[in-house]
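*Asks:*
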Amino acid sequence: MTVIRHVEVVIPARNEQQHITDCLRSIVRAGATLGAEIPGTTWSITVVLDCCTDDTGPLAARFGVQLLSIATCVVGTARRVGTAAAIDRAVGRGCELGAIWIACTDADTVVPEHWLTRQLTMAADGIDAVIGTAVPAGLGPDMYRRWVRRHDLTEGHPHVHGANLGFRADTYLRAGGFPECTTGEDVKLVQRIRAITPRWVATHHTSVRTSGRIDSRVEGGFASFLAELDAELGEEVI
């Protein structure tokens with residue numbers, strides 16, 4: 003099994019000026035921790051600005067990230083374009099495909115300091131993909147308890163979140179990459195990865211904190227589920 007030498011973090015963003023700074027700060031901290039705990043490992047960040055009309059781009063640029071601009075308003079396309087560019091850039095710098103790790107998150111998400119380190123520790127044990135959990139922030143107590151009852155935050159959990167995925171670049175390419183769809187691109191990719199390798203893990207040890215907003219950008223996304231919970235809670239109160 004090839005040792006991971008380089009990490010590419012890929013983030014799709016659509017009008018996320020309220021969240022992008024906190025997101026990137028957390029990734030920079032995770033990158034610093036990675037460098038301290040696994041010396042010699044390099045890392046980079048790619049932000050894909052998809053249909054952005056706010057200040058997400060200028061705010062992200064302050065972090066020295068790689069910026070791409072597209073106008074599809076399709077998250078699957080944004081993830082696919084960003085991942086392809088990140089892999090091409092790493093290979094162009096002399097990295098072997100098997101030594102590149104792709105870590106995916108969202109622009110409204112904050113990752114823990116150990117996020118990258120724990121993924122690469124699992125990769126060192128032969129894992130090809132790490133499927134993490136995502137916990138919503140800012141929910142009221144009743145809504146949070148309702149959310150927790152419907153989620154398994156343990157090892158071997160059944161959930162898939164684009165806000166918390168990691169995989170080897172060669173595994174990603176063999177799986178065909180992210181499909182260009184408006185929702186479910188993360189689930190479909192993980193299904194493909196599971197079909198070609200048994201070396202994956204679903205874990206809560208890399209859990210991230212994501213926005214608890216209920217105004218969904220796409221039908222069927224994470225915010226749509228929270229909106230349904232909010233509606234159910236409102237019906238109970240009435």
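The sequence shown begins at 3 in the working numbering and counts up one residue at a time. Positions of the beta carbon are idealized from the N, C-alpha and C atoms, including for glycine. These numbers were taken from a predicted model, which means no experiment stands behind them.
For the alpha helix (DSSP H) that contains A87, what are its first and last residues?
*Replies:* That run of the alpha helix (DSSP H) goes 77 to 94.
*Asks:* Just checking my contact of H8 with T44 at CB under 8 Å: how many whole Å lie between their CB atoms?
*Replies:* Correct: roughly 5 Å between the Cβ atoms.
*Asks:* Between T55 and the rest of its own chain, which residues show a CB-CB distance below 7 Å, the 5 nearest in sequence each way excluded?
*Replies:* Contacts found: N17.
*Asks:* Looking at the structure shown, is P138 part of a helix, part of a strand, or coil, going by DSSP?
*Replies:* Of the three classes helix, strand and coil, the one that applies to P138 here is strand, per DSSP.
*Asks:* Would you report the Cα separation of A105 and P60, rounded to the nearest angstrom?
*Replies:* Each residue's Cα considered, the two are about 23 Å apart.
*Asks:* If I measure Cβ to Cβ from L69 and keep anything under 7 Å in the same chain, skipping five residues before and after, which residues do I get?
*Replies:* Hits under 7 Å: V49, L51, G59, A62, A63.
*Asks:* Can you give the Cα-Cα distance for A136 and T111, rounded to whole angstroms?
*Replies:* Looking at the two C-alpha atoms, the distance is approximately 9 Å.
*Asks:* Between I29 and the rest of its own chain, which residues show a CB-CB distance below 7 Å, the 5 nearest in sequence each way excluded?
*Replies:* V11, I47, V113, listed in sequence order.
*Asks:* Taking the alpha-carbon positions, what's the E98 to R170 distance?
*Replies:* Answer to the nearest angstrom: the Cα atoms are 11 Å apart.
*Asks:* Taking G179 as the reference, which of G164, H159, L191 has the closest Cα?
*Replies:* Minimum Cα distance to G179 is reached at L191.
*Asks:* Just to confirm, is the Cβ distance from A315 to E115 under 7 Å?
*Replies:* In the structure displayed, the chain extends from 3 to 240; residue 315 sits before or after that span and is not available.
*Asks:* Applying the criterion that 16 or more other CB atoms from any shown protein chain within 10 Å of the CB defines a buried residue, is T173 buried or exposed?
*Replies:* By the 10 Å Cβ count, T173 comes out buried.
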